[in-house]
Every structure is written in C-alpha cells, then in structure tokens.
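Plus 45 on top of the position in the sequence shown (first one is 1) and you've got this note's numbering. Since the structure comes first, as structure tokens, the remarks are kept for the end.
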Amino acid sequence: MTPARRKSGQQKQETILVIEDDRPLREGLVMNFKLHGYRVLSAADGEEGMQQAFDARPDLIVLDIMLPGYSGLEILEELRARYEEVPVLILSARDSTGHKVEGLRLGADDYLAKPFELPELLARVEALLRRRRARQRAEAAITFGEVVIHPTGRRVTVRGKEISLLAKEFDLLLLLAGSPGRVFSREEILNRVWGWDFDGTSRTVDNYILGLRHKLERDPAHPRHLKTVRQVGYVLET
Numbered sequence: 046m047t048p049a050r051r052k053s054g055q056q057k058q059e060t061i062l063v064i065e066d067d068r069p070l071r072e073g074l075v076m077n078f079k080l081h082g083y084r085v086l087s088a089a090d091g092e093e094g095m096q097q098a099f100d101a102r103p104d105l106i107v108l109d110i111m112l113p114g115y116s117g118l119e120i121l122e123e124l125r126a127r128y129e130e131v132p133v134l135i136l137s138a139r140d141s142t143g144h145k146v147e148g149l150r151l152g153a154d155d156y157l158a159k160p161f162e163l164p165e166l167l168a169r170v171e172a173l174l175r176r177r178r179a180r181q182r183a184e185a186a187i188t189f190g191e192v193v194i195h196p197t198g199r200r201v202t203v204r205g206k207e208i209s210l211l212a213k214e215f216d217l218l219l220l221l222a223g224s225p226g227r228v229f230s231r232e233e234i235l236n237r238v239w240g241w242d243f244d245g246t247s248r249t250v251d252n253y254i255l256g257l258r259h260k261l262e263r264d265p266a267h268p269r270h271l272k273t274v275r276q277v278g279y280v281l282e283t
C-alpha cells in the first residue's frame with residue numbers, strides 16, 4: 046500500500062483501532078494512519094479485536110467483516126450493545142451487498158468495499174472523527190461558578206441541585222454560556238433565541254434575564270455572572 050501524503054499542520058490525538066486479518070493490508074493501514082498523526086492499534090482476529098475495542102476505548106474502529114474467531118458483524122453487534130458512541134467503518138469485499146446491509150443495520154457508521162483507494166479511506170475516517178468531535182463538543186457540560194449546563198439533556202444544576210428552566214430561558218443561557226465574555230446585543234439575542242420573525246420587543250430579553258438571575262445567582266440584584274452592558278445587551282462572565 047502506497048503511503049498517502051500527510052496534510053501539513055494536522056495535529057490529531059485520536060486513536061484508531063484496525064481489526065483486519067489480511068496482514069499486508071493491516072500493516073499498510075497502520076503505517077498510513079500513523080503518518081497522518083493518529084495513534085494506531087491493530088488486531089488480526091475477532092477475539093483480539095473485541096478485547097482491544099473494550100480495553101482501549103478507541104476513537105474510531107476500522108473493522109473487516111470476514112475475520113477468524115468473531116466475525117466483524119458479531120463484533121459490531123457487541124460494540125453497539127456496550128460501546129454505543131464509537132464510530133465504526135466496515136470493510137468488505139466489493140460484491141458482499143448482504144454484509145453491507147447487515148453492517149449498516151447493526152449500526153456501522155460507514156462502509157467501504159475492497160479494493161479501495163487510500164485517500165478515500167482517509168477522507169471517510171476524518172469525516173467520522175470530525176462528526177465525533179462535534180458531538181462531543183455538543184455533549185460537553187458547561188460550567189461557570191456554581192452552575193452546570195448539560196446541553197444535550199437540556200438540564201441545569203445549581204450547587205448540585207437541578208432547577209427547572211423554561212425552554213427559552215435554557216436557550217438564552219446556552220447562547221451566553223457558549224461564548225463567555227462576549228457581549229450580545231438584545232437584538233442579536235432576540236434573533237438567535239426567538240427567531241427573526243418574533244414580533245416582541247427587547248423587554249422580552251430583559252424579563253428572561255431577570256428570571257435567570259433569580260434562578261441562578263445567589264444575589265440576583267447584584268449578579269456575578271449574568272451581567273448587563275448598559276445600552277448594549279448582556280454578557281456572561283465566569
């Protein structure tokens with residue numbers, strides 16, 4: 046397998062697990078992934094591959110379908126039962142339509158038929174990892190002071206106790222907390238939280254900020270985090 050050219054400036058820390066019994070192909074994939082800055086693990090059979098998948102918790106798995114021991118489909122089914130979030134790209138022979146359909150049904154994120162072009166594989170891997178990074182950013186909790194925001198669950202805790210927010214209160218808080226230190230005008234807040242077609246006034250934003258202060262701040266009259274910028278709008282300070 047001919048090494049692909051490494052993109053300049055790439056700084057990747059993700060770990061890829063290659064589960065492939067074809068030794069030349071496996072070693073070629075390992076070499077090229079390393080050249081592109083990834084940390085790489087490999088396994089030559091299904092049993093070793095499944096063990097590494099659960100022990101190492103890689104960021105992405107390249108998984109051949111036809112393996113000694115556990116098949117790729119068996120590994121995939123077990124992964125989805127116990128390790129839902131890892132992206133899996135399956136490899137199989139060009140004419141194995143049934144394997145492709147079954148793999149996608151079991152939760153594979155992408156499929157590539159052999160033989161394949163290395164640049165295409167690398168592009169597909171990067172796309173899967175990019176989506177994983179975006180999902181992790183979206184799921185990451187945001188913390189300031191005594192407040193913790195859980196974006197995906199739309200939950201907020203203050204001093205360890207979950208509080209109830211209106212839908213727009215949560216959207217407003219998430220907007221400000223997503224860019225701490227940035228001043229948002231009332232008009233921008235209205236457009237981004239309520240939408241361009243909202244026919245209310247800027248007082249709507251003021252009222253919602255007031256409500257958030259009472260729910261989040263120890264002293265709502267002298268807020269530590271949800272600050273007013275006079276004649277402009279609001280900023281969240283951490």
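Built from N, CA and C at the ideal position, the CB exists for glycine as well. Predicted model only: the values in this text are computed from it and were never measured.
Excluding sequence positions up to five before and after Arg-71, its CB lies within less than 8 angstroms of the CB of Val-63, Glu-65, Ser-87, Ala-89, all in the same chain and listed in chain order. Secondary structure of Gly-205 (DSSP, three-state): coil.
For the 7 angstroms CB-CB criterion, Leu-261 and Val-192 form a contact. With fewer than 16 other Cβ atoms inside 10 Å of its own Cβ, Lys-206 counts as exposed.
Runs of the alpha helix (DSSP H) lying entirely within the region 55-100 and spanning at least 4 residues, in chain order: 68-80.
The DSSP-derived three-state label of His-195 is strand.
If you look at Val-238, you'll find it isn't in any beta strand (DSSP E); DSSP assigns it neither H nor E.
Look at Ala-186 here: in three-state DSSP terms it is coil, with no helix or strand label. For Arg-200, the secondary structure class from DSSP, reduced to helix, strand or coil, is strand. According to the DSSP secondary-structure assignment, Phe-215 is paired through a beta bridge with no residue. By the Cβ neighbour-count rule, Asp-109 is buried, with 16 or more other Cβ atoms within 10 Å of its own. Here DSSP, grouped into helix, strand and coil, assigns Gly-278 to strand.
When Cβ pairs closer than 8 angstroms are counted between the two stretches, the region 76-85 is seen not to touch the region 119-126, the count staying below three. Within its own chain, the residues whose Cβ lies closer than 7 angstroms to the Cβ of Tyr-253, once the five positions on either side in sequence are excluded, are Lys-213, Glu-214, Leu-217, listed in chain order. One thing to note: Val-133 has its Cβ within 7 angstroms of the Cβ of Asp-154.
For the pair Val-280 and Ala-222, the Cα-to-Cα distance works out to about 9 angstroms. It is roughly 5 angstroms from the alpha-carbon of Ala-138 to the alpha-carbon of Lys-159. Residue environment analysis places Gly-198 among the exposed positions, since fewer than 16 neighbouring C-beta atoms fall within 10 angstroms of its C-beta. Taking the Cα positions, Ile-106 is about 17 angstroms away from Pro-113. With contacts defined as CB atoms closer than 7 angstroms, Asp-104 and Glu-147 fail to qualify as a contacting pair.
Distance from the CA atom of Pro-268 to the CA atom of Arg-150, rounded to whole angstroms, is 51 angstroms.
In summary, Val-85 is buried, with 16 or more beta-carbon neighbours lying within 10 Å of its beta-carbon over all protein chains present.
Bridge partners of Phe-161 according to DSSP: none are assigned. In the structure shown, Ile-106 adopts extended strand secondary structure according to DSSP, grouped into three states. If you draw a 10 Å sphere on the C-beta of Ile-208, you find fewer than 16 other C-beta atoms in it, and that means exposed.
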